[in-house]
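Below is one structure; the comments refer to it alone.
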Amino acid sequence: MSPEEWWTRLIRSCMAHAGASHEVEKLKAMGIKTSVVSNADPRILKTLDALHILPLLSYPPILSWDVENSKPDRRIYDHALESCGETDRKGVLMVGDELEADYRGARAAGVAARLIRRQGEWSDGAARASDESLEDVEVVRSLYDIIDHIEERNNVS
1 MSPEEWWTRL IRSCMAHAGA SHEVEKLKAM GIKTSVVSNA DPRILKTLDA
51 LHILPLLSYP PILSWDVENS KPDRRIYDHA LESCGETDRK GVLMVGDELE
101 ADYRGARAAG VAARLIRRQG EWSDGAARAS DESLEDVEVV RSLYDIIDHI
151 EERNNVS
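FYI, in full-length UniProt numbering the residues of the sequence shown are 1 to 157.
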């Protein structure tokens, strides 16, 4: 796949869930601090801005391009935590669509994680095997599932 095809798919995928900005806005209103950890180069910033997500983030995105480590390498998670001033990994949750890079990488770095699997959605995590086993993997269908989890845990609504 060429870089142009990859970015086209990424942007289409993001635009299909342009409502993500509403989900991030809700997290912000709840006082939940957010950032993005991505194996992308700086072009992703334009996409995040176009989707109105960038200004909602509590901390600037952490890009593998900038830190010279990529998920699932523990060092990118360590860098993200340090950049966000987080010392307690137990208070951090990684939500991503790639089983190895996002979910297992975060867990190996001592960070709680959820694997997002939107119904019928393509993602580069969807370059996954059709026989991918999600046994013992905590899966959510949207960021709203995360919001519900936080509200339940904190007895907030």
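Glycine included, C-beta positions come from ideal geometry on N, C-alpha and C.
No experiment lies behind these values; they were computed from the predicted model shown.
N- and C-terminal bounds of the beta strand (DSSP E) containing A109: By one-based count along the sequence shown, residue 109 stands at place 109. It is not in any beta strand (DSSP E) - A109 carries neither H nor E in the DSSP assignment.
V24 - DSSP class collapsed to helix/strand/coil: What you label residue 24 is simply residue 24 of the sequence shown in a count that begins at 1. Three-state result, V24: helix.
Sequence-distant residues of the same chain with beta carbon closer than 6 Å to A80, five excluded per side: Start at 1 with the first residue of the sequence shown, and residue 80 comes out as number 80. Counting only Cβ-Cβ distances below 6 Å, and skipping sequence neighbours, we find V37, I62.
First through last residue of the alpha helix (DSSP H) which encompasses L143: Looking up residue 143 in the sequence shown gives position 143. Looking at the DSSP string, the run of the alpha helix (DSSP H) that includes L143 is 143-154.
C-alpha distance - H22 paired with E68, whole-angstrom precision: Here residue 22 corresponds to residue number 22 of the sequence shown, with the count starting at 1. Here residue 68 corresponds to residue number 68 of the sequence shown, with the count starting at 1. In a straight line, the C-alpha of H22 is about 31 Å away from that of E68.
Reduced DSSP secondary structure (H/G/I, E/B, other) of L93: Here residue 93 refers to the residue found at position 93 of the sequence shown. Looking at L93 - three-state DSSP - the assignment turns out to be strand.
Those residues which DSSP pairs with M38 across a bridge: Counting from one through the sequence shown, the residue named residue 38 turns up at place 38. Before going on, a small fix: residue 38 reads as Ser here, not Met. Answer is L63, bridged to S38.
Candidates R75, I146, N154, D78: closest to K26 by CA position: Working through the sequence shown from its first residue, we reach residue 26 at position 26. Minimum Cα distance to K26 is reached at I146.
Cβ separation of V95 and L56, assumed to be a contact under 8 Å, to the nearest whole Å: In the sequence shown, the residue the question calls residue 95 occupies position 95. In the sequence shown, the residue the question calls residue 56 occupies position 56. With 8 Å as the limit, V95 and L56 do not qualify as a contact, their Cβ atoms being about 15 Å apart.
D124 versus E152: straight-line alpha-carbon distance, rounded: What you label residue 124 is simply residue 124 of the sequence shown in a count that begins at 1. What you label residue 152 is simply residue 152 of the sequence shown in a count that begins at 1. Low local confidence applies: a pLDDT of 49 at D124 is under 50, so the model's placement there is unreliable, with the coordinate-based value given in what follows. D124 and E152: Cα-Cα distance of roughly 31 Å.
Nonlocal neighbours in the same chain, by C-beta distance under 6 Å from I116, ignoring five residues either side: In the sequence shown, residue 116 corresponds to position 116, counting from 1. For I116, where only same-chain residues beyond five positions count, the Cβ hits under 6 Å are V95, D97, V140.
Beta-carbon proximity list for R104, same chain, < 7 Å, skipping 5 on both sides: Mapped onto the sequence shown, residue 104 falls at position 104. P72.
Straight-line gap, D49 to A112 (C-alpha atoms, nearest Å): Position 49 of the sequence shown holds residue 49. Position 112 of the sequence shown holds residue 112. Approximately 27 Å between the Cα atoms of the pair.
Straight-line gap, K46 to N39 (C-alpha atoms, nearest Å): In the sequence shown, the residue the question calls residue 46 occupies position 46. In the sequence shown, the residue the question calls residue 39 occupies position 39. Distance between the alpha carbons of K46 and N39 is about 15 Å.
Collapsed DSSP secondary structure at I116 in the structure displayed: Taking the sequence shown and counting its residues from 1, one reaches residue 116 at position 116. Secondary structure of I116 (DSSP, three-state): strand.
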